[in-house]
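S.K.:
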Amino acid sequence: FQGTAWLQEQQSEDPFVVVNSILIDGKRVRDTAVIPNGVTYIADDAFHGNTSITEAVIPGSVYRIGKKAFSGCSNLTKVTFGMNAALRQIDERAFTGTEMASLRLPSKLETIGNYAFCSCDKLEYADLPGSLTTLGFNAFSGCTALKEIELPMRVDTIGNSCFLSCTSLKSICIFNKDCSIGRNCFSFTSSDVMIYGQENSTAQTYAAANSLQFTAY
Numbered sequence: 002f003q004g005t006a007w008l009q010e011q012q013s014e015d016p017f018v019v020v021n022s023i024l025i026d027g028k029r030v031r032d033t034a035v036i037p038n039g040v041t042y043i044a045d046d047a048f049h050g051n052t053s054i055t056e057a058v059i060p061g062s063v064y065r066i067g068k069k070a071f072s073g074c075s076n077l078t079k080v081t082f083g084m085n086a087a088l089r090q091i092d093e094r095a096f097t098g099t100e101m102a103s104l105r106l107p108s109k110l111e112t113i114g115n116y117a118f119c120s121c122d123k124l125e126y127a128d129l130p131g132s133l134t135t136l137g138f139n140a141f142s143g144c145t146a147l148k149e150i151e152l153p154m155r156v157d158t159i160g161n162s163c164f165l166s167c168t169s170l171k172s173i174c175i176f177n178k179d180c181s182i183g184r185n186c187f188s189f190t191s192s193d194v195m196i197y198g199q200e201n202s203t204a205q206t207y208a209a210a211n212s213l214q215f216t217a218y
């Protein structure tokens, strides 16, 4: 509906344009975006390019964040999630290029899509929940301030180049012994990066194949 008279009319009534519990547009929201309770899906491109928002408060009712939903929100520094968050999926490029320094993701999240947090160059800390199973390719690539990461036991797939060029990354803990680790997953990280994992794990094999340090826990 981009550029339509209908959308402009809806925006004039409320900067959050919600249809059937789907937030389809928030490009006129300013400062703190407190997304209405009851929204279940933040649609593709909903806030894309909105440089006016500095914080997003996402209610527990949201189960999915669409492609490029917050991509290009270059002044977005904080994202918080409501109690008992239903969020299961963060889609491709959802938060690319935002300015968050820390990230604590909800306890039911299962999938982080391709490039979801790519080029978040202020991101120092990311807390990934135990429910997580899949990290898409380039999911955190270019997060140059990220120092350490723990990948929970249920993570069975780490996509190609997932942490590519995370130049400050020094500590990587991979709990799943049989986790599939993609190509160039930890390339161009810190020169003294250490991978922690179980003996005879895919993490140990990856470290040996890529001349990275490994410590068994």
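Per our numbering, the very first residue in the sequence shown carries number 2; after that it's consecutive.
Backbone N, C-alpha and C fix where the C-beta goes; we use that ideal spot for every residue, glycine too.
1) Report yes if the CB atom of Lys68 is closer than 8 Å to the CB atom of Ala95, and no otherwise.
2) If you follow the alpha helix (DSSP H) that Ala208 is part of, which residue opens it and which one closes it?
3) Check the DSSP bridge columns for Gln90 and list the partner residues they point to.
4) If you drop the 5 nearest sequence neighbours on each side, which residues of the same chain put their C-beta closer than 8 Å to that of Asn85?
5) To which residues of the same chain is Thr216 closer than 7 Å at the C-beta, ignoring the five residues directly before and after it?
6) Spatial neighbours of Gln214 within its chain, please: CB distance less than 6 Å, with the 5 preceding and 5 following residues excluded, ordered by chain position.
7) In the structure shown, what three-state DSSP assignment does Ala34 receive?
8) Hey, could you find the ends of the beta strand (DSSP E) Glu56 is sitting in?
9) Taking the alpha-carbon positions, what's the Ser103 to Thr81 distance?
10) Quick check on Glu200: does DSSP put it in helix, strand or coil?
11) May I ask which residues mark the beginning and end of the alpha helix (DSSP H) holding Ala6?
12) What are the boundary residues of the beta strand (DSSP E) that Phe82 is part of?
13) Near Glu151, what residues of its chain come up, given a Cβ to Cβ distance below 6 Å and the 5 sequence neighbours on each side ignored?
14) Using three-state DSSP, classify Ala127 as helix, strand or coil.
15) Three-state secondary structure (DSSP) at Ala217?
16) Runs of 3 residues minimum, wholly inside the segment 114-187: which ones carry the beta strand (DSSP E) assignment?
17) So, Cys119 versus Thr97, is the Cβ gap smaller than 8 Å?
18) Excluding sequence positions up to five away, which residues of its chain have a Cβ less than 7 Å from the Cβ of Glu125?
19) Taking the DSSP output, what are the residues bridged to Ile43?
20) Excluding the 5 residues flanking Ala6 on each side, which residues of the same chain have their C-beta closer than 8 Å to its C-beta?
21) Quick one: residues in its chain with C-beta nearer than 7 Å to the C-beta of Phe176, no 5 flanking neighbours on either side, listed in chain order?
22) Quick one, which of Leu88, Tyr64, Phe138, Asn51 has its alpha-carbon nearest Thr78's?
23) Specify the secondary structure class of Leu106 as computed by DSSP and reduced to three states.
M.R.: For this structure:
1) Their beta carbons are under 8 Å apart, which means Lys68 touches Ala95 by this criterion.
2) 203-210
3) Arg65, Thr112
4) Hits under 8 Å: Gly61.
5) Met195, Tyr197
6) Met195
7) strand
8) 54-59
9) 10 Å
10) coil
11) 6-14 is the extent of the alpha helix (DSSP H) around Ala6.
12) Unbroken beta strand (DSSP E) run through Phe82: 79-82.
13) Cys174
14) Strand at Ala127.
15) In the displayed model, Ala217 falls within a strand according to three-state DSSP.
16) Runs of the beta strand (DSSP E) inside the segment 114-187: 126-128, 149-152, 172-175.
17) yes
18) Ala102, Ser103, Ala146, Leu147, Lys148
19) Leu24, Ile66
20) Taking Ala6 as the centre and dropping the five residues before and after it, the same chain places no C-beta closer than 8 Å to its C-beta.
21) Leu152, Pro153, Met154
22) Asn51
23) coil
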